[in-house]
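Colleague: Per this note's numbering, numbering through the sequence shown is continuous, rising by one, with the last residue being 318. Note that beta-carbon positions come from the ideal geometry of N, C-alpha and C, so glycine has one too. Note that the structure is predicted; figures quoted are calculated from it, not measured.
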Amino acid sequence: MSKKTQRLDVLAALTAVMISFQARANGELSHRLGNGIEAALVSFGSGLAIIAIVAIFSSSIKEGVRNIRTSVVRKELPAWTLFAGMLGGSFVAVQTHIVPLIGVAIYSVASIAGQTAASLVVDRIGLTGGGKKHITPRRIAAAAFTVFAVFVSVFDRLDAHDVSIVAVLLGCLAGALVGVQRSLNGKINEHSHQSYATSFLNFTMGTTFLVIFLAATLIFGSSKVVPLPAGPWWMYTGGVLGVIYIAMASMIVQHLGVLTFTLFSVGGQLVGSLLIDIFSPTDGVQISIYLVVGIAMTYLGVIVGGVNNSQSRKRLTQ
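1. Taking 7 Å as the threshold (C-beta atoms), are L33 and T207 in contact?
2. Within 10 angstroms of its Cβ, does D156 collect 16 or more other Cβ (buried), or is it exposed?
3. Helix, strand or coil for P227? Go by DSSP, reduced to three states.
4. In the DSSP assignment, find the unbroken alpha helix (DSSP H) run with D244 in it and report its ends.
5. Taking just the CA atoms, how far does V225 sit from L218?
6. If you draw a straight line from the C-alpha of F83 to the C-alpha of N202, how long is it?
7. Inspect the beta-carbon positions of V150 and V293 and report whether they are closer than 7 Å.
8. Can you tell me whether G231 is buried or exposed? The criterion is at least 16 other CB atoms within 10 Å of its CB, across all chains shown.
9. Using 10 angstroms around the beta-carbon of V73, count the other beta-carbons present and answer buried if the total reaches 16, otherwise exposed.
10. Applying the criterion that 16 or more other CB atoms from any shown protein chain within 10 Å of the CB defines a buried residue, is L169 buried or exposed?
11. Can you name the start and end residues of the alpha helix (DSSP H) that L48 belongs to?
12. Assign R74 to one of three DSSP states: helix, strand, or coil.
13. Between which two residues does the alpha helix (DSSP H) harbouring Q319 extend?
14. For I287, does the three-state DSSP call read helix, strand or coil?
15. Measuring alpha carbon to alpha carbon, tell me which of L14, A12, A13, S20 ends up nearest T237.
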């Protein structure tokens, strides 16, 4: 394993820690608003506003957007890949409706299972633009072990009474959408050569989707828009954290592949969850030995599975 790859592995884990912080911020905002879709739109919309302002003064982001447009015009980049950001919006929409039905713990396991399964597939077909990767027994074992590690980490929070199988399957689908989104972002980034231009495109598409989705819920009377609440400043940081995460992830995925990034990302998210439980716990949530064991198992699975060794990272010629 090269030093560059090792650095990207660590960066993938550190980047994923931000997702835990983002989830905590968005969760707090959603709780105070009483409307998960509106909270998601505030997060996406604020992220879009921030990166749009930065883009006005950033020649590199403007160049990245021009590179994307040129690649689409030349048919080097399929136009449908530009809708990757809508997958992120779809993930949030599914998440908002499923979590109340099956709980955060079961949803986490289902989502990670969907992410790892999708990662194996998109790596095999080379959707990231970084080359195709074999689906080897070691990669499958690493993916399965990671899902089991997540199961262990949330074991004490599982509530399996009257669980809806359909809701669990939708949780898996939501995770799969994230896996595909990451791969498409990697492909877009290969053409933009500017990760924040890729992030800008994602937030534009994601915000558009959530505006349409929220409008639909308002029309059919299933939700209502409420004024933004006062509260801790950090609950409005979800947008900026998302901008940074998508930019970093789209760059890292190009080099590591979706599966390797996902496995290190899962470990990073669990570490972030542990830090939140220590420094800013949700009411009624305590530090759990299961979470600590799950974190250790996650990284053990990556190492034992060898998903990042040179053989597993060979590009396929067929």
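Modeller: Taking the structure as given:
1. In this structure, L33 does not lie closer than 7 Å to T207 by Cβ.
2. Looking at its Cβ environment, which holds fewer than 16 other Cβ atoms inside 10 Å, D156 is exposed.
3. It is coil, neither helix nor strand.
4. Going by the sequence as given, residue 244 is Ile instead of Asp. Run containing I244: 238–256, per the alpha helix (DSSP H) assignment.
5. A direct Cα-Cα distance of roughly 8 Å separates L218 from V225.
6. Taking the straight line from one Cα to the other gives about 8 Å.
7. Taking 7 Å as the Cβ cut-off, V150 and V293 do not qualify as a contacting pair.
8. With fewer than 16 other beta carbons inside 10 angstroms of its own, G231 counts as exposed.
9. So V73 counts as exposed.
10. Taking every protein chain shown into account, the CB of L169 has fewer than 16 other CB atoms within 10 angstroms, so this residue is exposed.
11. Element bounds for L48: 36–57.
12. Taken through DSSP and simplified to helix, strand or coil, R74 comes out as coil.
13. Lying before the first or after the last residue shown, residue 319 is absent from the chain, which here runs from 1 to 318.
14. In the three-state DSSP reduction, I287 falls in the coil class, being neither helix nor strand.
15. Checking every option, the nearest Cα to that of T237 belongs to S20.
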